[in-house]
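Undergrad: The sequence shown lines up with residues 3 to 314 when you count with my numbering. Heads up, the beta-carbon is just placed ideally off N, CA and C, and yes, glycines get one too. Bear in mind that the values here come from a model prediction, so they are computed numbers and not experimental data.
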Amino acid sequence: MNQENTKVLIIGSGPAGYTAGIYASRANLNPLLYEGQQPGGQLTQTTEIENFPGYPKGIQGPDMMNELREQCERFGTQIRNRIIESVDVTSRPFKCVDERGDIIMADTVIVATGASAKYLGLPDEEKYRGMGVSACATCDGFFYRKKNVAVVGGGDTACEEALYLSTICHKVYLIVRKDYLRASDVMKRRVSEKENITILFNCNTLGLFGEDGVEGAKIIEHKGTDREQIFDIEIDGFFLAIGHRPNTEIFKDKLAMDSEGYIETFNGTQQTSVDGIFAAGDCCDPRYRQAVVAAGSGCRAALDAERFLMEH
Ligand code: NDP
Numbered sequence: 003m004n005q006e007n008t009k010v011l012i013i014g015s016g017p018a019g020y021t022a023g024i025y026a027s028r029a030n031l032n033p034l035l036y037e038g039q040q041p042g043g044q045l046t047q048t049t050e051i052e053n054f055p056g057y058p059k060g061i062q063g064p065d066m067m068n069e070l071r072e073q074c075e076r077f078g079t080q081i082r083n084r085i086i087e088s089v090d091v092t093s094r095p096f097k098c099v100d101e102r103g104d105i106i107m108a109d110t111v112i113v114a115t116g117a118s119a120k121y122l123g124l125p126d127e128e129k130y131r132g133m134g135v136s137a138c139a140t141c142d143g144f145f146y147r148k149k150n151v152a153v154v155g156g157g158d159t160a161c162e163e164a165l166y167l168s169t170i171c172h173k174v175y176l177i178v179r180k181d182y183l184r185a186s187d188v189m190k191r192r193v194s195e196k197e198n199i200t201i202l203f204n205c206n207t208l209g210l211f212g213e214d215g216v217e218g219a220k221i222i223e224h225k226g227t228d229r230e231q232i233f234d235i236e237i238d239g240f241f242l243a244i245g246h247r248p249n250t251e252i253f254k255d256k257l258a259m260d261s262e263g264y265i266e267t268f269n270g271t272q273q274t275s276v277d278g279i280f281a282a283g284d285c286c287d288p289r290y291r292q293a294v295v296a297a298g299s300g301c302r303a304a305l306d307a308e309r310f311l312m313e314h
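(1) Can you tell me whether N32 sits near the ligand NDP, meaning its C-beta is under 7 Å from at least one heavy atom of the ligand?
(2) Kindly examine the ligand NDP and report whether one of its heavy atoms sits closer than 7 Å to the Cβ of H172.
(3) Where do the ends of the beta strand (DSSP E) carrying A185 lie?
(4) Starting from M259, follow its DSSP beta bridges and name the residues at the other end.
(5) Compare the Cα-Cα distances from L34 to each of I51, T46, G43 and S15 and report the closest residue.
(6) Across which residues does DSSP place Q80 in a beta bridge pair?
(7) Can you pull the DSSP bridge partners for I252?
(8) Is the Cβ-Cβ distance between I51 and G63 less than 8 Å?
(9) Could you tell me the distance, in whole angstroms, from the CA atom of Y121 to the CA atom of I24?
(10) Once DSSP output is grouped into helix, strand and coil, what is the label at D306?
(11) Below 8 Å on the Cβ atoms is my contact criterion, and I expect T49 with A307 to pass it. Report the Cβ-Cβ distance as a whole number of Å.
(12) Using 8 Å as the threshold, is the C-beta distance between T207 and I221 below it?
(13) Excluding sequence positions up to five away, which residues of its chain have a Cβ less than 6 Å from the Cβ of F54?
(14) May I ask which residues mark the beginning and end of the beta strand (DSSP E) holding Y175?
(15) Can you determine whether any heavy atom of the ligand NDP sits closer than 7 Å to the C-beta of T267, and answer yes or no?
(16) Should the region 240-257 be called in touch with the region 116-136, which here means at least 3 C-beta pairs below 8 Å?
(17) Just list the alpha helix (DSSP H) runs in the region 108-178, keeping only unbroken ones of 4 residues or longer that don't cross its boundaries, in chain order.
(18) Spell out a yes or no on whether the region 141-148 and the region 159-174 are touching, meaning 3 or more CB-CB pairs, one atom from each, closer than 8 Å.
(19) Just to check, is the beta-carbon of T48 closer than 7 Å to a non-hydrogen atom of the ligand COA?
(20) Under DSSP, the beta strand (DSSP E) around S27 begins and ends at which residues?
(21) Does the ligand NDP have even one heavy atom less than 7 Å from the beta-carbon of D158?
(22) Going by the DSSP bridge assignment, what does C286 pair with across the sheet?
(23) Considering N7, what are the terminal residues of the beta strand (DSSP E) in which it resides?
(24) Using the rule of at least 16 other Cβ atoms within 10 Å of the residue's Cβ for burial, across every protein chain shown, is N4 buried or exposed?
(25) Rounded C-beta distance between L210 and V193? I'm assuming under 8 Å.
(26) Compute every distance between the C-beta of S194 and the non-hydrogen atoms of the ligand NDP, then say whether any falls below 7 Å.
(27) Taking just the CA atoms, how far does L311 sit from A22?
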């Protein structure tokens, strides 16, 4: 068990964490950055990123994250491929313990732990995980070339995933629980114009079936009404796109959060309810969830941490 001190501990390695690393290292704060469970964060599971400023021709998600990591290291951020398991927020410096039991005494902490895809909670999702069930079309879509798949959800993510899969797969069902898509108009239009996407409105999934993997889904339409009916669709892949939940479990009952677990920040800054702990990126952003916004808040958190260290 080792113990060390740091002025800034950054937890997370998405656009927020790496941007905080760039700013904190350029301010000579020698930050320590723990990459967490998914180094590079959610964008490592995307293909093309077309809306991050500065890449007029777009860039692949994993390439962008590699470049951000490199930029971070160039100014001296120490990056560790490990997980922080607990943070004692009751006294400063904050005692943070990693998966090996090593202790980091941090004067400030920047929480940039991101968010993860939600699942419906069906036992079959567990049963067929990796055997037809996925929450990332761009990671796993390739396995379903020329096959039938379903995407669950009616938001922009679901539409994006359905459109992506429609270029690879034979047929895509979009399972939407309401009688409308919540997605933006442009996405709605693109999805409705695709001949091989069938939208199943007012539908929920009861379960999945198949011998060695998913072979179909049992769907209930107009649940609880006199028009209720149950039918099967034949699919090989079942993709979840019903939103995300913030990765904030280790801060439960320690930092103020909303009912969904998003960390609250105060006074127009990235300051959390505990002095010296800052939050950035999707873990504190239920609204925008965009890489460029996460990067911006990572910059803000680093500047807030720098100011805090000067004042204390
Ligand atoms: P959203 O929260 O916008 O949508 C989630 C969808 O999943 C909704 O249609 C919701 O249904 C449905 N859903 C939730 N829980 C269940 C459930 N248990 N069973 C069935 N359906 C369920 O999440 P997104 O990830 O789509 O988007 C999040 C944010 O990111 C949005 O602001 C979005 O605009 C943005 N975004 C932007 C993109 C872009 O601009 N290119 C791409 C992707 C995301 P219901 O409508 O009934 O609540």
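TA: Reading off the structure:
(1) Distances from the CB of N32 to the heavy atoms of the ligand NDP are all 7 Å or more.
(2) no
(3) No beta strand (DSSP E) holds A185; DSSP gives it neither H nor E.
(4) Listed as beta-bridge partners of M259 by DSSP are I265.
(5) S15
(6) Note: Q80 sits in a beta bridge opposite L34.
(7) Its beta-bridge partners do not exist; DSSP assigns none.
(8) yes
(9) Taking the straight line joining both Cα atoms gives about 34 Å.
(10) helix
(11) In fact, because the Cβ distance is near 33 Å, the residues do not count as touching under 8 Å.
(12) yes
(13) A293 and V294
(14) K173 to I177
(15) T267 Cβ: outside cutoff for every heavy atom of the ligand NDP.
(16) yes
(17) 125-129, 139-142 and 158-168
(18) yes
(19) Judged by which ligands are present, the ligand COA is missing from the structure shown, whose ligands are the ligand NDP.
(20) From DSSP, S27 is part of no beta strand (DSSP E) but of the alpha helix (DSSP H) over P17 to R28.
(21) Result yes, Cβ under 7 Å from the ligand NDP.
(22) DSSP lists no partner for C286.
(23) Q5 to I13
(24) With a 10 Å radius around the Cβ and a threshold of 16 neighbouring Cβ atoms, N4 comes out exposed.
(25) That belief does not hold up - the Cβ atoms of L210 and V193 are roughly 23 Å apart, past 8 Å.
(26) No.
(27) 15 Å
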